[in-house]
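For the sequence shown, counting from 1, position 4 maps to 14 in the working numbering; every step adds exactly one. Note sheet for the following structure.
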Amino acid sequence: MTTRFSGNTTHGFIGFAAGLVFAFILLVAVAVCVWFFPSFAQIREYERGIVFRFGKYSRTLQPGLFLYFPAFESITPVDMRVRLVDIPPVQILTKDNVGVTIDTIVLAKVSDPKKATVEVKNFEAVISEVVISELRTIVGKINFEELMEKVNMLM
């Protein structure tokens, strides 16, 4: 009984390398399938969901359960409830150059979730600036005495 040994061990290494390449390709294929696999998103009753596909506005989601592709789409929830915006105290001059400090709060509600997300970066800051501007316009047109008489009207 004779045993032949050729001394060539490259076939074992090539088989091992081929196995590693196959395992890597299989791992990449599974990762790609998981990445493209759809996912579920839940939008609550008081929210609306803004869907961006490849970074561009796609659609607005109403409350419910939705299927989306996280590889292509992202969902930004927008709270539609009434919120309290606290305006910092503002020093304003009246028509007769009397300084008045006015502290204000505003109740605000988002009416268009697309505009609140896409067109404005921070809509609460915008609300604050608009209210301060309007207060300066209104208070700057009247005298201090008139202001004191009309305090209840401004509230």
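All C-beta atoms, glycine included, are put in the ideal place defined by N, C-alpha and C. All of these numbers come straight from a predicted model, not from anything done at the bench.
- With C-beta atoms as the reference, is proline 99 less than 8 Å away from isoleucine 115? no
Local conformation of serine 138 per DSSP, three classes: helix
Endpoints, the beta strand (DSSP E) within which glutamate 129 is located = From DSSP, glutamate 129 is part of no beta strand (DSSP E); its letter is neither H nor E.
Nearest CA to the CA of isoleucine 97: which residue from Arg69, Ala135, Leu77 and Val128?
-> Ala135
Beta-carbon gap between threonine 86 and threonine 147 smaller than 8 Å:
no
Taking 8 Å as the threshold (C-beta atoms), are alanine 81 and phenylalanine 46 in contact? yes
request  = Could you check the C-alpha separation between leucine 157 and glutamine 101 for me, to the nearest Å?
outcome  = 14 Å
task: If I'm right that phenylalanine 34 touches isoleucine 53 with Cβ under 8 Å, what's the distance once you round it to whole angstroms?
output: Going by Cβ atoms, the distance from phenylalanine 34 to isoleucine 53 rounds to 39 Å, so no, they are not a contact pair.
Per DSSP, what kind of secondary structure is threonine 104 in: helix, strand or coil? coil
Could you give the residue range of the beta strand (DSSP E) that holds phenylalanine 50?
49-53
Check: Which residue's Cα is closest to the Cα of valine 120: Gly59, Ser143 and Asp106?
Finding: Gly59
Look at the alpha carbon of glutamate 155 and the alpha carbon of valine 110, and state the distance between them as a whole number of angstroms.
Approximately 12 Å, taken between the alpha carbons.
| Taking buried to mean at least 16 other C-beta atoms within 10 Å of its own C-beta, is valine 149 buried or exposed? | Taking all protein chains in view, the Cβ of valine 149 is crowded by 16 or more other Cβ atoms within 10 Å, so the residue is classified as buried.
Problem - DSSP three-state assignment for isoleucine 148, whether helix, strand or coil - result: Isoleucine 148: helix per DSSP, three-state reduction.
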